[in-house]
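Chains as they are written, first to last, in my numbering: chain B, 700 to 1123; chain Z, 360 to 624. Built from N, CA and C at the ideal position, the CB exists for glycine as well. Here the structure comes first, spelled out in structure tokens, and everything after it is commentary.
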Amino acid sequence: MPTPYDEMWEKLNLDLTAHEGLLQVLGKFYGDIYLTQEGRLKGMEYLDFVLSEVHGLRIKEIQEAKAQGRKVIGTFCVFVPEELVLAADAVCVGLCAGAEIGKESAEKILPRNTCALIKSFVGFKLSRLCPYIESCDLVVGETTCDGKKKAYEIFEEYAPVYVMEIPQMKQACDRDLWKAEVRRFKERIEAIAGKEITAAKLREAIKLVNRRRQVLQRLNQLRAAVPTPISGRDVLLINQISFYDDPVRFTAKIGELCDELEKRVKAGEGVVPPETPRLMLSGCPMAVPNWKLPFIVESSGAVIVGEESCIGTRNIRDLVDESGDTLEEMLDALVDRYMRIDCACFTPNQERLQNIVAMAKDLEVKGVIHFALNFCQPYAIEAFKVGRALEAAGIPMLSIETDYSMEDVEQLKTRVEAFLEMVG
Amino acid sequence: MGEETVTANHPLVAGIDIGSRSIELVLLQDGQVVHWDLLPTTFDPLGQCRSLLDRVRAARIVATGYGRKLLLENLDHPEITAITEILAYALGARHLFPGVRTILDIGGQDTKAIALNMDGKVAKFEMNDRCAAGTGKFLEFMAVALQVPLEKFGDFALQADRRIQINSMCTVFAESEATSLMARGESPANIAMGLHLAIVSRTVAMLRRVGVTPSVLFAGGVAHNPCIKSLLEESLGASVLVPVQPDLVGALGAAIYGQKLVAHE
Ligand code: SF4
Ligand code: SF4
């Protein structure tokens, strides 16, 4: 079926036939998982629209920005300081990597026992399916897990890659390393964008990203109400979209959605009855369109009220201190904020355990579902300690390892239902 | 079963466990098992369920097992509910042996380890992932490869005169490992023993993840296999309980759940 975007996609060198297939699958999947929900907020229409135009209108906007000389920077990890990208008037897009499509091509160059996320971004590139990757002037990788680190070395042959070194520990020398890396990144972005990052520019960017984090924090506070006023799936989607939508517009739209939500909370209205068991997800990021586990959980009679993940609280919990005046102070504020990220790639990673327990208690959940992608060592191994920390706090945890395929859905349902029987 | 007078005070409650290999039915009345039955799952599980249920007049049905939703969605019965196998096994096991704290179930396509707290509530559970390694299916496959009838496979393995290690747990690789052992002149009984050992070591690892508190109940179709039972006991250093009809524990548990629902009404 021809669309108004065909020409643009062709210019981006997408594989048009396979791409049409992808959009159809995505549309169907979205219809089944999202549009079947009852009592959704009016404000979700914006998200529905953005998602339906994920490869359309948003890409068009990005092409227009490019035509005006702005650069496009793609990232895979919440460690990459978006503020610097925005301060150089570039567009920052979080590349999603949540679909199984392209797996076969990825497995031609990666071991089969590589996590689905890595296979997905490599697969998307090799199969020429992602207009975001194709629009990028630079794709920023990071030395988080070994899988990503080594995959970027291969990916480099297909896309312009730049890798940031992320420390593994949080000692003073690690902060120094990170600061040096932030500086190096700033210079690289300035060079590619052909613009100097001034104090004024950076201040503005810090505020902009903080405002987006704050609106998402507000969303999380509101959704914590009983009865739950918005499904976990919808909140996940909002977080996912925050990675590629225009930040100013997104923040305004989610602000409106929060106003609507606030009214709903005041009126005591929910999307599920008040006694519905509340659960929290914790673990690996769930990138678009990986809605599998939330869908299973929410169709088993529970509701998700929190996501301890990079597409969730890990990305929005900490703000960058806005009191800095000089460029140097602001860079320090950035460094400190990003060093607080409690990703499982760090050792030791006690903060994450504390954060999970605190979050589970605040949200008064019946249990936590820990989600690790198959072959993701950092999260799968850390699941053990997470389980113990939660157990000590009297909170049950179900540990799940899975990927993007649908083969294990029935088994996962049984596990989730048994967990609900257990905590209910 | 015959035509009994079923009054509102003595309702018949059916538990039905729809597994990948077989479907079991247990009927309770006033807490007593009054009837049980079993059919292979075949390609028409729904039809098989219907023929099991058509023979009885249950006031309430509780379905469990991987086909529970299928029945729930397709059977026209006013009082039908579904619970997971985990809960069903917990209830069934405690009914048979009130002191049970740990349950191991090895069925046709999956293995479950369940830890119960003092009151018999599920405290923790583990299930195997999507592949059939270490399940009944694996044994079935290997029995065929060694040309031993499945019901005799455990006894056959017990005749082994030495213990060899089989490293693969994947059905395909284990088969080729067995073939190459045979080519090297290893006796089929020793190979069978090696395969049993492999299953038990995998299973015990799963049990240890939930914690092994006695008494341990071993259920599911594979519990008929005497070699697995004895290797389990050896490896756990404790005796394990095997019900007379280990395949019926899930259906029994489902029926018990139904009985509780009836009592609450
Ligand atoms: S989980 Fe770790 S590596 Fe992955 S995006 Fe988050 S911070 Fe980065
Ligand atoms: S999910 Fe795990 S293995 Fe995959 S990229 Fe993230 S940290 Fe690495």
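>> Quick check: the Cα distance between G1123 of chain B and G1066 of chain B, rounded to an integer number of angstroms?
In response: 9 Å
> For N957 of chain B, does the three-state DSSP call read helix, strand or coil?
Replying inline: Checking the sequence shown, residue 957 of chain B turns out to be Cys, not Asn. Three-state result, C957 of chain B: helix.
> For K1112 of chain B, which residues of its own chain have a beta-carbon under 7 Å away from its beta-carbon, when the five flanking residues on both sides are left out?
Replying inline: I995 and S999
> From H555 of chain Z to Q518 of chain Z, what does the alpha carbon distance come to, in whole angstroms?
Replying inline: 12 Å
>> Suppose the cutoff is 7 Å on Cβ atoms and the five residues either side in sequence are ignored; what does the same chain contact list for I442 of chain Z look like?
In response: V421, T423, A613 and Y616
> First and last residue of the alpha helix (DSSP H) that includes D875 of chain B?
Replying inline: A871 to A892
> Residues of chain Z with CB under 7 Å from R1114 of chain B, in chain order?
Replying inline: M486
>> Looking at chain Z, is there any beta carbon in it that lies within less than 7 Å of the beta carbon of A1091 of chain B?
In response: no
> If you measure from the beta carbon of E1120 of chain B to each beta carbon in chain Z, is any gap under 7 Å?
Replying inline: yes
>> Buried or exposed for K483 of chain Z, going by 16 or more other Cβ atoms inside 10 Å?
In response: buried
> Can you tell me whether DSSP reads F949 of chain B as helix, strand or coil?
Replying inline: helix
> Where do the N-terminal and C-terminal ends of the beta strand (DSSP E) with M1096 of chain B fall, by residue?
Replying inline: M1096 to T1101
> Between I891 of chain B and K770 of chain B, what straight-line distance do the alpha-carbon atoms span, to the nearest angstrom?
Replying inline: 7 Å
> In whole angstroms, what is the alpha-carbon distance linking F1083 of chain B and A1043 of chain B?
Replying inline: 12 Å
> What residues from chain B crowd round V481 of chain Z, counting only those whose CB sits closer than 8 Å?
Replying inline: A1117, E1120 and M1121
> What residues of chain Z sit near E752 of chain B, judged by a beta carbon separation below 8 Å?
Replying inline: Near E752 of chain B there are no residues of chain Z at all, since even the closest Cβ is about 35 Å away, more than 8 Å.
>> Taking the alpha-carbon of N989 of chain B as reference, which of B:V784, B:E799 and B:V1056 has the nearest alpha-carbon?
In response: B:E799
> Cα-Cα, which of Z:I523, Z:I375, Z:E592 and Z:S574 is closest to F456 of chain Z?
Replying inline: Z:S574
>> Please tell me whether L445 of chain Z has its Cβ less than 7 Å away from any Cβ of chain B.
In response: The residue you asked about is not Leu; residue 445 of chain Z is Ile in the sequence shown. Yes, its Cβ sits closer than 7 Å to a Cβ of chain B.
>> By the three-class DSSP mapping on this structure, what secondary structure does K428 of chain Z have?
In response: helix
> How many whole angstroms separate the CB atoms of E545 of chain Z and I523 of chain Z, which I take to be in contact at a CB cut-off of 8 Å?
Replying inline: 6 Å
> Which residues are close to ligand 1, meaning CB closer than 7 Å to any heavy atom, in chain order?
Replying inline: B:F775, B:C776, B:V777, B:F778, B:E841, B:T843, B:C844, B:K847, B:C983, B:P984, B:C1009, B:R1013, B:I1040, B:C1042, B:A1043 and B:C1044
> Given S381 of chain Z, which residues of its chain have a CB within under 8 Å of its CB, disregarding the five upstream and five downstream residues?
Replying inline: L397, L398, P399, T400, G467, G580 and D606
> Shortest alpha-carbon distance to M1029 of chain B belongs to which of B:C957, B:L960, B:R882 and B:L746?
Replying inline: B:R882
>> Let me check you understand the geometry: is the CB of C829 of chain B closer than 6 Å to at least one non-hydrogen atom of ligand 2?
In response: no
> What is the rounded straight-line gap between the Cα of Q870 of chain B and the Cα of D1035 of chain B?
Replying inline: 12 Å
>> Short of 7 Å Cβ to Cβ, which residues in the stretch 558–582 of chain Z face chain B?
In response: none
> Can you tell me whether E362 of chain Z is buried or exposed, with buried defined as 16 or more other CB within 10 angstroms of its CB?
Replying inline: With a pLDDT of only 45 at E362 of chain Z, under the threshold of 50, the placement of this residue in the model should not be trusted; the figure read from the coordinates follows. Its Cβ having fewer than 16 others within 10 Å, E362 of chain Z is exposed.
> Buried or exposed: where does Q1183 of chain B fall if 16 or more other Cβ atoms within 10 Å of its Cβ makes it buried?
Replying inline: Residue 1183 of chain B lies beyond the residue range present for chain B, which begins at 700 and ends at 1123; the question has no answer from this structure.
>> With a threshold of 6 Å (Cβ to nearest heavy atom), would L475 of chain Z be considered close to ligand 2?
In response: no
> Exposed or buried, M486 of chain Z, counting other C-beta atoms within 10 Å across all chains shown (16 or more means buried)?
Replying inline: buried
> E1109 of chain B versus chain Z: which residues are under 7 Å apart at the beta carbon?
Replying inline: Y425
> Mind pulling the beta strand (DSSP E) runs of 3 or more residues that sit fully within the stretch 385–413 of chain Z?
Replying inline: 391–399
>> Between the alpha carbons of S1127 of chain B and L980 of chain B, how many angstroms are there, rounded?
In response: Nothing about residue 1127 of chain B can be read from this structure; chain B reaches only from 700 to 1123.
> Residues in the stretch 442–472 of chain Z with C-beta within 8 Å of chain B's C-beta atoms, listed in sequence order?
Replying inline: I442, T443, E444, I445, L446 and D469
> Cβ of L780 of chain B versus every heavy atom of ligand 2: is any distance shorter than 6 Å?
Replying inline: Note that residue 780 of chain B is Pro in the sequence shown here, rather than Leu. P780 of chain B Cβ: outside cutoff for every heavy atom of ligand 2.
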